[in-house]
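J.: The structure is given below, and queries will be raised subsequently.
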Amino acid sequence: MDSKPLWQRLDPSPRISTRFFTRRLFLRVLSLLSICVLLYNVVYNAELRGRLEKVQVLGDAGQPHDRMDTAELEDGSSSAACYDTGFGQNGTEKASLVMLVRNSELREALSSIRMIEDRFNRRFHYPWTFLNDKPFTDDFIKYTSGLASGPVEYAVVPEDNWSVPSHVNTTLMRAEMLRMAREDIIYGDSLSYRHMCRFNSGFIHNQEVMRKYDWYWRVEPGIQFYCDVDYDPFTFMRENKKVYGFVISMYEFKGTITTLWDKTRQFHLGNGDYNLCHFWSNFEIASLEFYRSEAYSTYFEFLDSTGGFFYERWGDAPVHSIGVGLFAPKDSIHHFADFGYSHPPCSRCPQDDESHTSGRCLCNRNKNFDTDSYSCLPRWWKVAGINRGTE
């Protein structure tokens with residue numbers, strides 16, 4: 096094997112010095128790199144400019160404004176920015192992936208979007224809807240829209256959906272928040288958490304930006320999604336007459352919903368107790384028609400009138416779960432046993448061999464909340480008449 100340097104093997108001529116040849120080769124490589132960088136910048140900037148031209152601010156009537164950024168409308172109502180990523184929707188349902196998120200959660204939002212896109216939405220290109228109680232920053236819009244494979248919309252929650260209503264005694268509310276803090280109740284002293292729970296319980300479904308949809312898939316910032324989904328869960332829900340789909344079920348902290356069941360019984364007279372089980376609503380695929388129904392809407396309005404979202408710390412998970420339990424047939428509730436999912440501190444992983452030997456899922460089967468002592472899934476199997484492992 097020739098041990099000479101490459102340049103000597105390519106050009107053995109003694110008339111060209113080693114130093115000269117090396118310098119010429121270096122300059123050629125440098126020139127080629129410069130040309131590549133220049134071409135990349137031209138192409139990238141043209142593509143970016145084309146994308147940014149598609150960002151528009153929409154008013155109440157859905158007509159584009161002349162401005163290119165996200166801003167509040169003159170009447171103080173929520174603004175919505177619409178971004179067309181250029182992909183045609185393959186999914187056939189009126190559905191959206193929905194995330195309630197703060198600007199400060201950009202990194203966590205990007206992680207969740209990447210997960211859902213890679214595992215599901217790159218096949219179907221369903222739209223994304225992002226909601227915030229503050230206007231979204233340019234950076235948030237730029238980076239999140241860059242990951243989405245479907246149209247993207249950004250909307251600001253109306254102030255009356257994210258504030259303490261006038262009928263709530265704020266002195267009592269603050270006293271109860273301090274008490275919960277002393278008792279180490281999770282989020283017990285957080286007002287923003289209460290706003291979020293109230294919003295998800297009764298307002299998210301009727302946002303202007305959501306009215307064109309029949310279904311939604313709620314996605315939280317910072318989740319992990321472990322399995323490929325090669326079918327359309329929205330179509331599955333519609334064709335099988337399902338109204339609510341979940342992945343994890345657990346017990347609620349009793350100290351956060353002390354009077355929720357009592358108030359529910361005042362609204363809906365009946366016997367029985369509440370066992371604190373709920374579907375963990377940070378993941379849910381659900382019918383918006385159900386949440387907009389007179390039965391559920393009236394139930395939420397009654398709960399809201401009692402002030403329990405603020406005097407206590409009612410979560411949207413038990414409110415949704417009780418609502419579904421009261422007003423939807425049990426066979427319209429579906430457990431997505433084929434989904435692998437994690438939202439700290441809980442994870443679940445499909446238990447069948449095929450999901451893992453096929454490479455469809457990548458998760459630890461031994462790290463599975465389904466049979467944890469705090470899991471309500473065994474109770475659900477019993478209620479639904481499901482033998483474990485046959486879902």
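Quick note on numbering: the sequence shown equals residues 96 to 486 in our numbering.
Think of the CB as a built atom: it goes at the ideal place given N, C-alpha and C, for glycine as much as any other residue.
None of these values were measured; they are calculated from a predicted model.
Drop a sphere of 10 angstroms on the beta-carbon of His429, count the other beta-carbons inside from all chains shown, and report buried for 16 or more, exposed for fewer.
T.: Burial call: buried.
J.: Quickly, what does DSSP pair His363 with across the bridge? List them, please.
T.: In the DSSP output, where bridge partners are listed per residue, His363 has none listed.
J.: Kindly indicate which three-state DSSP category Glu254 falls into: helix, strand or coil?
T.: Reduced to three states, the DSSP call for Glu254 is helix.
J.: Out of Ile343, Tyr391, Ser453, Leu364, state which residue places its alpha-carbon closest to the alpha-carbon of Ser470.
T.: For the residues Ile343, Tyr391, Ser453, Leu364, the minimum Cα distance to Ser470 belongs to Ile343.
J.: Which two residues bound the contiguous alpha helix (DSSP H) that contains Val419?
T.: Here the alpha helix (DSSP H) through Val419 covers 411-422.
J.: What is the rounded straight-line gap between the Cα of Ser450 and the Cα of Trp223?
T.: Those two C-alpha atoms are separated by around 27 Å.
J.: Just mark Leu125 as buried or exposed, buried being the case when its beta carbon has 16 or more other beta carbons within 10 Å.
T.: Here Leu125 scores only 48 on pLDDT, less than 50, and its place in the model is too uncertain to base an answer on.
J.: The beta strand (DSSP E) with Gly340 in it runs from where to where?
T.: Looking at the DSSP string, the run of the beta strand (DSSP E) that includes Gly340 is 339-341.
J.: Taking all protein chains shown into account, decide if Tyr308 is buried (16 or more other Cβ within 10 angstroms of its Cβ) or exposed.
T.: Buried: at least 16 other Cβ atoms inside 10 Å.
J.: Excluding the five sequence neighbours on either side, which residues of its own chain have a C-beta within less than 7 Å of the C-beta of Val391, listed in chain order?
T.: It should be noted that the sequence gives Tyr, not Val, for residue 391. The answer, listed in chain order, is Phe385, Gly418, Phe422.
J.: If we ignore side chains and look at the alpha-carbon of each, how far apart do Gln151 and Ala176 end up?
T.: Any reading at Gln151 is ruled out, since the residue's pLDDT is 37, under 50, leaving its predicted position unreliable.
J.: In or out: Arg214 buried (at least 16 other Cβ within 10 Å) or exposed?
T.: It counts as buried.
J.: Residues bridged to His300 by DSSP?
T.: Looking at the DSSP assignment, His300 forms no beta bridge with any residue, so it has no partner.
J.: Taking only the alpha-carbon atoms, compute the straight-line gap between Pro440 and Cys456 and give it to the nearest angstrom.
T.: Taking the straight line joining both Cα atoms gives about 20 Å.
J.: Just to confirm, are Tyr406 and Glu271 a CB contact at a threshold of 7 Å?
T.: Cβ atoms of Tyr406 and Glu271: closer than 7 Å.
J.: Ignore the nearest five residues each way along the sequence and tell me which others in Ala479's own chain have a CB closer than 7 Å to its CB.
T.: These residues qualify, in order along the chain: Lys425.
J.: Tell me whether Asn482 is buried or exposed, calling it buried when 16 or more other Cβ atoms sit within 10 Å of its Cβ.
T.: Under this definition Asn482 is an exposed residue.
J.: Out of curiosity, what's the CA-to-CA distance linking Arg269 and Thr401?
T.: About 16 Å.
J.: Taking Asp357 as the reference, which of Arg293, Phe397, Lys337, Tyr249 has the closest Cα?
T.: If we check each option's Cα against that of Asp357, Phe397 comes out closest.
J.: Indicate the three-state DSSP secondary structure (helix, strand or coil) for Tyr394 in the structure shown.
T.: If DSSP states are grouped into helix, strand and coil, Tyr394 belongs with the helices.
J.: Taking only three categories from DSSP, how would you classify Trp475?
T.: Helix.
J.: Quick one: residues in its chain with C-beta nearer than 6 Å to the C-beta of Pro473, no 5 flanking neighbours on either side, listed in chain order?
T.: There are no such residues.
J.: Can you name, in chain order, every residue of its own chain whose Cβ lies under 7 Å from the Cβ of Asp323, other than the five neighbours on each side?
T.: Contacts found: Arg214, Arg455.
J.: Using a 10 Å radius around the Cβ and a threshold of 16 neighbouring Cβ atoms, would you call Ser468 buried or exposed?
T.: When all chains shown are included, Ser468 counts as exposed.
J.: Is DSSP giving His438 helix, strand or coil here?
T.: Strand.
J.: Assign Val461 to one of three DSSP states: helix, strand, or coil.
T.: In the sequence as presented, Val is not what sits at residue 461; that position holds Asn. Of the three classes helix, strand and coil, the one that applies to Asn461 here is coil, per DSSP.
J.: Report, in whole angstroms, the separation of the C-beta atoms of Leu383 and Tyr311, which I expect to be a contact under 8 Å.
T.: That belief holds up - the Cβ atoms of Leu383 and Tyr311 are roughly 6 Å apart, short of 8 Å.
J.: Cβ atoms of Cys458 and Tyr321: under 7 Å apart, would you say?
T.: Yes, the Cβ-Cβ distance between Tyr321 and Cys458 is below 7 Å.
J.: Measuring only the C-alpha atoms, how far is Arg197 from Lys229?
T.: Each residue's Cα considered, the two are about 8 Å apart.
J.: Terminal residues of the continuous alpha helix (DSSP H) containing Tyr379?
T.: The sequence shown places Glu at residue 379, not Tyr. No alpha helix (DSSP H) contains Glu379, which is instead part of the beta strand (DSSP E) from 379-382.
J.: Under the rule that 16 or more other beta-carbon atoms within 10 Å means buried, what is Asn370, buried or exposed?
T.: Asn370 is exposed by the Cβ-count criterion.
J.: Measuring only the C-alpha atoms, how far is Tyr221 from Thr330?
T.: Between Tyr221 and Thr330, the C-alpha separation is close to 12 Å.
J.: The alpha helix (DSSP H) that contains Arg306, what's its start and end?
T.: Careful: Arg306 lies outside any alpha helix (DSSP H) and carries neither H nor E.
J.: Quick check: the Cα distance between Asp234 and Gly367, rounded to an integer number of angstroms?
T.: Taking the straight line joining both Cα atoms gives about 51 Å.
J.: Helix, strand or coil: which one does DSSP assign to Thr401?
T.: Looking at Thr401 - three-state DSSP - the assignment turns out to be helix.
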